[in-house]
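Here the structure is laid out as structure tokens; the discussion comes afterwards.
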Amino acid sequence: MGASQGDRVITAAAESLPDALDADLASWAGHLAFERRLSPHTVSAYRSDLAGHFAWLRKRGVGRAELVTAAIAREFLACLHDSGSAARSRLRARSSLRGFYRWLLRERRLERDPMADLERQSAAHELPRVLDEEDIARLLEACRGTKPRDRRDLALVETAYGAGLRASELVGLGSEDVDFRERWLRVRGKGDKERMLPLGQPSVSALRDWFNLGRGELLGRRRDPGRVFLNARGGPLTRVGFWKILRRRAGIAGIDPTAVHPHILRHSYATHLLRRGAPLRVVQELLGHANLATTEIYTQLDRSYLHRVHHEFHPRG
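When the letters of the sequence shown are read in order and numbered with the working numbering, they come out as residues 174 to 490.
Here it is, written out as structure tokens:
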């Protein structure tokens, strides 16, 4: 059976690696082969996982393993999930990263294992980290301004949070996918499946403002790529570009940039809908989940929230 598109994210060993990461890859593979005496097949699999992780790091400007934080590791694993990687492949990738960073810790190259917090989250079956509604409001406020990039960034965050889009779906939007009159958004998700999503008035207003007052200025005299969102040079915005924008705006908003990634807006969207009473099946449809079980993770609300609800609504609360 051929590898899926998501699995190829893990096995992107053909990517050119920075020298420091390349040296780490060779050293760790030697440790697995000669000190732990793992089979050549296992070493090859773990090496492939780590090569994919390093290629992903390089695209985000992270050239040394010592710079990887828990937020960066979480973002990588989230990208594997959203790209359609098989569950078994994701588990193996997680195991590879866990072994590598523990090895770095034993080698005294790290002060803290970036995978430690993620392991605790997995064991406790906690909800993915989300921003509360006040944080979303601060993030949106940090995007406001009259410059083209301000208008673009506001439209980006309003659309990502307002429609619960995956990062790839957001940057892949074409100009023809936005229906301003009926307030609908056409999205191409996993497997190139299309779904129609409703847009709230704030998202529509931000998009209209971006199209009318900002997009043309960024585009200039360049050929229009047909994408809704453009980078500073007038070309299509990438997932990496969106990630950098989000972290910069989070810093302006006073939110820890290292804890913010594109998927956090999608997680927040789903969580806020359910907390306000949206039916689980509706949220499943909006998110484009093939299985309800994938959506059910958002029903695992944190205990503090359950306490607040109980206190507010139960006669003996």
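C-beta: ideal position from N, C-alpha, C; glycine also. Here the structure is a predicted model, which is why all the values come from computation and not from measurement.
Chain-order list of residues whose beta-carbon lies under 6 Å from that of Tyr471 (same chain, five-residue window excluded): For the purposes of this step, residue 471 is taken as the residue at position 298 of the sequence shown. Within the same chain, Tyr471 has close Cβ partners Ala443, Thr444 and Leu447.
List the residues that DSSP assigns as beta-bridge partners of Glu367. Reading the sequence shown from its first residue, position 194 is the one you call residue 367. Answer is Arg361, bridged to Glu367.
For Pro452, three-class secondary structure by DSSP: For the purposes of this step, residue 452 is identified with residue 279 of the sequence shown, where counting begins at 1. It is coil, neither helix nor strand.
Across the region 384–394 and the region 313–333, are there enough close Cβ pairs to call them in contact, namely three or more that are closer than 8 Å? yes
Tell me whether the region 361–381 and the region 457–466 touch, counting them as touching only if at least three CB pairs, one residue from each stretch, are closer than 8 Å. yes
Where do the N-terminal and C-terminal ends of the alpha helix (DSSP H) with Leu343 fall, by residue? Taking the first residue of the sequence shown as 1, we reach residue 343 at position 170. Unbroken alpha helix (DSSP H) run through Leu343: Ala340 to Val344.
Identity of the residue in Leu312, Arg354, Glu349 and Ala405 nearest Glu434 by Cα: Indexing the sequence shown from 1 puts residue 434 at position 261. In the sequence under discussion, the amino acid at residue 434 is His, which differs from the Glu named in the question. It is Leu312 whose Cα lies nearest to the Cα of His434.
Stretch pair the region 235–250 + the region 427–441: three plus CB contacts closer than 8 Å: Under the three-pair Cβ rule at 8 Å, the region 235–250 counts as touching the region 427–441.
Arg421 to Ile428 span [Cα, whole Å]: Locating residue 421 in the sequence shown gives position 248, counting from the first residue. Locating residue 428 in the sequence shown gives position 255, counting from the first residue. Using only the alpha carbons, I get a separation of about 10 Å.
State the start and end residues of the unbroken alpha helix (DSSP H) segment that holds Phe227. The sequence position of residue 227 within the sequence shown is 54, counting from 1. In this chain, the alpha helix (DSSP H) harbouring Phe227 covers Pro213 to Lys232.
Quick one: what's got a C-beta closer than 7 Å to Leu372's C-beta in the same chain, skipping five residues either side? The residue labelled residue 372 in the question sits at position 199 within the sequence shown. Cβ-Cβ distances below 7 Å link Leu372 to Gly335, Ala336, Arg356, Trp357 and Leu358 in the same chain, with the five nearest sequence neighbours on each side left out; the list follows chain order.
Three-state secondary structure (DSSP) of Pro409: Here residue 409 refers to the residue found at position 236 of the sequence shown. In the structure shown, Pro409 sits in a strand (DSSP, three-state: E or B).
Do Val377 and Phe353 count as a contact pair if the criterion is CB distance below 8 Å? Position 180 of the sequence shown, counted from the first residue, corresponds to residue 353. Position 204 of the sequence shown, counted from the first residue, corresponds to residue 377. Yes, Cβ-Cβ distance for Phe353 and Val377 is below 8 Å.
Nearest-angstrom Cβ-Cβ length linking Arg267 and Leu250, presumed shorter than 8 Å: Working through the sequence shown from its first residue, we reach residue 267 at position 94. Working through the sequence shown from its first residue, we reach residue 250 at position 77. Indeed they touch by this definition, with Cβ atoms about 6 Å apart.
Rounded to whole angstroms, how far is the Cβ of Leu270 from the Cβ of Gly236, which I believe are closer than 8 Å? Here residue 270 is taken as the residue at index 97 of the sequence shown, counted from 1. Here residue 236 is taken as the residue at index 63 of the sequence shown, counted from 1. Going by Cβ atoms, the distance from Leu270 to Gly236 rounds to 17 Å, so no, they are not a contact pair.
Nearest by alpha-carbon distance to Arg412: which of His214, Glu208, Gly225 and Glu248 is it? Numbered from 1 along the sequence shown, position 239 holds the residue referred to as residue 412. The residue with the shortest Cα to Cα distance from Arg412 is Glu248.
Output the distance between the C-alpha atoms of Ala297 and Leu291, rounded to the nearest integer angstrom. Along the sequence shown, read from residue 1 onward, the residue named residue 297 stands at position 124. Along the sequence shown, read from residue 1 onward, the residue named residue 291 stands at position 118. Confidence is the limiting factor: at Ala297 the pLDDT is only 41, short of 50, which leaves the residue's position unreliable, though a coordinate-based value still follows. Rounded to the nearest angstrom, the two C-alpha atoms are 10 Å apart.
What's the gap between the Cα of Val344 and the Cα of Arg439? The count along the sequence shown starts at 1 and reaches residue 344 at position 171. The count along the sequence shown starts at 1 and reaches residue 439 at position 266. One C-alpha to the other measures close to 14 Å.
Could you tell me the alpha carbon to alpha carbon distance between Arg275 and Lys417, rounded to whole angstroms? If you number the sequence shown from 1, residue 275 lands on position 102. If you number the sequence shown from 1, residue 417 lands on position 244. Approximately 28 Å between the Cα atoms of the pair.
Among the candidates Met288, Asn385 and Pro287, whose CA atom is the shortest distance from the CA of Arg325? On the sequence shown, residue 325 is found 152 positions in, with the first residue counted as 1. Closest option to Arg325, Cα to Cα, is Asn385.
DSSP-derived helix/strand/coil call for Gly427: The residue given as residue 427 occupies position 254 in the sequence shown. Three-state result, Gly427: coil.
Kindly list the residues whose CB is nearer than 8 Å to the CB of Pro409, restricted to its own chain and excluding five residues on each side of it in sequence; keep chain order. Start at 1 with the first residue of the sequence shown, and residue 409 comes out as number 236. Excluding the 5 residues flanking it on each side, Pro409 has same chain C-beta neighbours closer than 8 Å at Val344, Pro398, Arg400, Phe402 and Leu403, in chain order.
Among Ala328, Leu380, Tyr219 and Leu370, the one whose alpha carbon lies nearest that of Ser262: As a first step, residue 262 must be located in the sequence shown, where it is residue number 89. The option with the nearest alpha carbon to Ser262 is Tyr219.
For Gly347, which beta-bridge partners are listed by DSSP? Start at 1 with the first residue of the sequence shown, and residue 347 comes out as number 174. The partner list for Gly347 (beta bridge, DSSP) reads Arg400.
Going by other Cβ atoms of all chains shown within 10 Å of its Cβ, with 16 needed for buried, is Glu314 buried or exposed? The residue labelled residue 314 in the question sits at position 141 within the sequence shown. It is exposed - the Cβ of Glu314 has fewer than 16 other Cβ atoms within 10 Å.
Which term fits Glu331, buried or exposed, when burial requires 16 or more other beta carbons within 10 angstroms of its beta carbon? Counted from its first residue, the sequence shown places residue 331 at position 158. Glu331 should be labelled buried.
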